[in-house]
Each structure stands twice: as structure tokens, then as C-alpha cells.
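K.L.:
Using this note's numbering, read the sequence shown as starting at 12 and increasing by one per residue.
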Amino acid sequence: MRENILSDNNDILIRMKKVKKYFIKSPSFLGGILAKQKKIILKAVDGVDLQIRKGEILGLVGESGSGKTTLGKIVVNLYKPTEGSIIYKGEDVYNLNKVESKKFRSEVQIIFQNPYSSLNPRKSVREIIAVPLQKRGITNSSEQQDIMFDLLYRVGLSDHDIKKYPHQFSGGQRQRISIARALAMNPEFIVADEPVSALDVSIQAQIISLLEKLKEDFNLTYLFISHDLNVVYYISDRVAVMYLGKIMELASTEELYKFPLHPYTQALLSAIPTLDRRGIGRKKRILLKGRVPTPIDLPPGCPFQTRCFAKIGNICEETAPPLIEISKNHWVACHRVR
12 MRENILSDNN DILIRMKKVK KYFIKSPSFL GGILAKQKKI ILKAVDGVDL QIRKGEILGL
72 VGESGSGKTT LGKIVVNLYK PTEGSIIYKG EDVYNLNKVE SKKFRSEVQI IFQNPYSSLN
132 PRKSVREIIA VPLQKRGITN SSEQQDIMFD LLYRVGLSDH DIKKYPHQFS GGQRQRISIA
192 RALAMNPEFI VADEPVSALD VSIQAQIISL LEKLKEDFNL TYLFISHDLN VVYYISDRVA
252 VMYLGKIMEL ASTEELYKFP LHPYTQALLS AIPTLDRRGI GRKKRILLKG RVPTPIDLPP
312 GCPFQTRCFA KIGNICEETA PPLIEISKNH WVACHRVR
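#1: Can you tell which of Leu225, Asn241 and Ile188 has the C-alpha that lies nearest to the C-alpha of Pro284?
#2: Should Asp19 go down as buried or exposed, given a rule of 16 or more other Cβ atoms within 10 Å for buried?
#3: Can you grab the Cα-Cα spacing for the pair Val104 / Ile97, in whole Å?
#4: Note the first and the last residue of the continuous beta strand (DSSP E) segment covering Ala55.
#5: Runs of 4 residues minimum, wholly inside the stretch 185-271: which ones carry the alpha helix (DSSP H) assignment?
#6: Our contact map puts Arg137 next to Met159 with C-beta atoms below 8 Å; I'd like the distance itself, whole angstroms only.
#7: In this structure, does DSSP put Lys91 in helix, strand or coil?
#8: By the 10 Å Cβ neighbour count, where 16 or more other Cβ atoms means buried, how is His346 classified, buried or exposed?
#9: Measure from the alpha carbon of Gly227 to the alpha carbon of each residue in Gly66, Leu82, Lys28 and Arg147, then state which is nearest.
#10: For Ser237, which of Cys319, Trp342 and Gly83 has the nearest alpha-carbon?
#11: Quick one: what does DSSP say Ile297 is sitting in, helix, strand or coil?
#12: Using the beta-carbon count (16 or more within 10 Å), is Leu298 buried or exposed?
#13: Does DSSP put Ser82 in a helix, a strand or coil?
#14: Is Val243 near Val56, with beta carbons less than 8 Å apart?
#15: Nearest to Ile335 by alpha carbon, out of Glu260, Leu279 and Thr276?
#16: Am I right that Ile246 and Gly70 are in contact with their C-beta atoms under 8 Å? What's the rounded C-beta distance?
#17: Which residue comes first and which comes last in the beta strand (DSSP E) that contains Arg165?
#18: Measure from the alpha carbon of Asp170 to the alpha carbon of each residue in Lys146, Gln155 and Thr317, then state which is nearest.
#19: Grab the span of the beta strand (DSSP E) containing Arg26 for me, first residue to last.
#20: Counting along the chain, where does the beta strand (DSSP E) carrying Gln120 start and finish?
#21: Do Ala344 and Lys257 count as a contact pair if the criterion is CB distance below 8 Å?
#22: Spell out the partners DSSP gives Asp172 in its beta bridges.
#23: Less than 8 Å between C-beta atoms, sequence neighbours within five positions excluded: which residues of the same chain meet that for Ile35?
#24: Assess contact between the stretch 117-125 and the stretch 197-215, defined as three or more Cβ pairs (one per stretch) separated by less than 8 Å. Is contact present?
#25: Quick one: grab the DSSP three-state call for Leu107.
#26: Can you tell me which of Ala321, Ser263 and Thr317 puts its alpha carbon nearest to the alpha carbon of Trp342?
#27: Alpha carbon to alpha carbon, what distance is there between Val110 and Glu265?
#28: So, at 8 Å on beta carbons, what are the nonlocal neighbours of Pro333 in its own chain, with the 5 sequence-adjacent residues on each side left out?
#29: Do you know offhand how far Met253's Cα is from Gly301's?
#30: Please state whether DSSP places Thr317 in a helix, a strand or coil.
#31: Could you compute how far the alpha carbon of Ser281 sits from the alpha carbon of Arg147?
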């Protein structure tokens, strides 16, 4: 059963305020002079306002190129935003002093998508987990080993695995090592960036169950990024839908899956096979037509207007709709829904 985490009394752990991330590629010298090429601006994240409450799992979904991974990296300070701010426990992440910044890097961690490339193949499990422990100031080898054994047990591995190297493990086991490495920093908040997409379906369920258990054991908060709507439904308390750098819809998981209001959300959910028992999924698939924009060639007005099947006129083509609260805790950016 999902926790009731939508109460106004819950603390806001992370607040994203008008966050933008633009990647700029300048033309070569000859390209600029001879071909009169202009610099290319890729708007990966384009003005996101979002809050993550302490103790919740916020799912972030969208197609490839929506900006969800970039947003996750901004939250953990791997990317600095072009504009906007990330507020963590009431403090702007980019105004922290050295001591505060070190504390932030300890409390906020990320689990990457690909367990095959996120682990150093030349380091043993002991060496991989020792790095974050040393950053925490835990240098005593006996104390380190006790913590390592405990973490390995919690993620479903054994003491004997501590001397092994990444190539000796399956994909699911490697992801468990990645999770143990993140937990070694004793975090409060974890960005899980497509943590099961590279794994077999049978292993995906095991990792999802593990993440849920660890959330309870360590009092964690997650930003769970995925393109798999079934996985997001299973694990998330709330879901934000992202398209071309913007949030299109935000609601509790049950509300959004049963009563999607944005045409883009409706199209995404229509791709889920009908699941009458849960009340989600659509019997008729919505096939989107029209030009698919890119972050370097965004249309004017609503970013979804070139593919939208419910467009209501010039306002969609000329004015970007703001994200507004349509009903309690249900936010939508759509001119049609007012």
C-alpha cells in the first residue's frame, strides 16, 4: 500500500526552482566564417519547478530525449543548471560552503542506469565500496569491513563476494554492488536513473523490491527515473511526466494512471497493455502523429503541439501553457485542461 505522502505537513527535501540546462555547441572557426554557421543550443531542461517530499518516491517518466536524466544529474550536482536553483533542506546547493558541500555530496547519491559501465573493472568490490567509506572519514580497515559485510548482506550479496571483480557478476548483481556503493555514503536522497532498464525482466522485479526495502530500512527518499510506466506505477508515490525539458503533468500515481489529463500522458499510458485489475491501461492505443521536435528545434507555444491530437487552436501554437493545479495535488500544463 502506498504511503499518504501528499499531506501539506510533509517536509520538502528537494525543491527545483525554474531549472534550465542548455548545452551550447559553437561552430568551428571556418564554419562560422565561411558557412555562417550559428551556435546550436540544446534545451535539455527548460524551466522545471518540482518538489520532492522527504520519504517519498517520485517517479519521473518520459520518452528518450525528454531531459529526465539531465534533470537527475542536476539534482545531484553533476551538472550545474544554466538558470534556476536546487534547494536542498532549505539551502541553495550552489551557494554552499566547503563543509556544507561535502555534507551534501554525502547525503545525495545517484545509481546509474548501466551496471556494466558504472563500476571500475580493475577494482574489487572491497575497493569499490571502500572509496565512499574513506570519503566519510572511515579509514579503519576492520570498521570498513564490518560496514561492507553489512551492506553486501542488505543488497543480497555475500561476504565471499568482497574479493571479486565486476566481470565475475551478472548484471543484476552488479547493480546490487552499485546500490551498496551509494548506501556506503549513508545518503538521505538517491536519484535512481533507469536502474533496471538494462536488466532482464525477472531481475528487474528483484531490484525494485530491494529498492523499496532499502527505502524503509534507511529512511530514504528517491527520484526514480524510468521510461517503463509499469515499473513506475509499482514503485512510485507520485509521478511527474516530462516532455522536451518541461513537466507536462504531476499527480499521485493512482490519480495520474486512472485519470490522466494531459494528451501526452494519455498517449504514454495507452501503450500499456490493458490491466483491468489495476484499472490502468487503455484498450485503444493512441498513435501520435506529426513532427517530432528535438531539444535543438523546439516549436513555439506548447512543446507537444506538433503531435497533439487535442489541440484547440492558435493558443497552443503561440503560448506555452503554465503548469497549474487543476485539482488537489494534480498539476497539468495544457490549455485544454482549465
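Just so you know, even glycine gets a beta-carbon here, dropped at the ideal spot from N, CA and C.
P.N.:
Per the coordinate set shown:
#1: Here the closest residue by C-alpha is Asn241.
#2: In this prediction, Asp19 scores a pLDDT of 49, lower than 50, which makes its location untrustworthy; the coordinate-derived value is nonetheless stated afterwards. Label assigned to Asp19: exposed.
#3: Looking at the backbone, the Cα of Val104 and that of Ile97 are separated by about 6 Å.
#4: Annotation for Ala55: the continuous beta strand (DSSP E) segment containing it runs Ile51 to Arg64.
#5: Segments of the alpha helix (DSSP H) lying fully in the stretch 185-271: 212-229, 240-246 and 264-269.
#6: The beta carbons of Arg137 and Met159 sit about 7 Å from each other, so the pair counts as a contact at 8 Å.
#7: DSSP places Lys91 in coil when its eight states are reduced to three.
#8: Classification for His346: buried.
#9: Gly is not the amino acid found at residue 227; the sequence shown has Glu there. When only C-alpha atoms are compared, the closest one is Gly66.
#10: Selected option, being the one with the closest Cα: Gly83.
#11: Note: Ile297 maps to coil in three-state DSSP.
#12: The residue in question, Leu298, is exposed, as its Cβ has fewer than 16 Cβ neighbours within 10 Å.
#13: First, the residue type needs correcting, since residue 82 is Leu and not Ser in the sequence shown. Residue state for Leu82 is assigned as helix, using DSSP reduced to three classes.
#14: Taking 8 Å as the Cβ cut-off, Val243 and Val56 do not qualify as a contacting pair.
#15: The shortest C-alpha separation from Ile335 is found at Glu260.
#16: For a cut-off of 8 Å, the C-beta gap from Ile246 to Gly70 is around 7 Å, short enough to register as a contact.
#17: First-last for Arg165: Ser152 to Arg165, but that is the alpha helix (DSSP H), not the beta strand (DSSP E).
#18: Minimum Cα-Cα distance from Asp170 among the listed residues Lys146, Gln155 and Thr317 corresponds to Gln155.
#19: DSSP places Arg26 inside the beta strand (DSSP E), whose first and last residues are Ile23 to Lys36.
#20: Here the beta strand (DSSP E) through Gln120 covers Val119 to Ile122.
#21: Yes, they are a contact pair.
#22: In DSSP, Asp172 forms no bridge with anything.
#23: For Ile35, where only same-chain residues beyond five positions count, the Cβ hits under 8 Å are Lys50, Ile51, Ile52 and Leu53.
#24: These segments touch.
#25: Three-state DSSP puts Leu107 in coil, outside helix and strand.
#26: The option with the nearest alpha carbon to Trp342 is Ser263.
#27: Each residue's Cα considered, the two are about 41 Å apart.
#28: The residues are Ala344.
#29: Met253 and Gly301 have their alpha carbons spaced roughly 19 Å apart.
#30: Correct three-state label for Thr317: coil.
#31: Straight-line Cα distance between these residues: approximately 46 Å.
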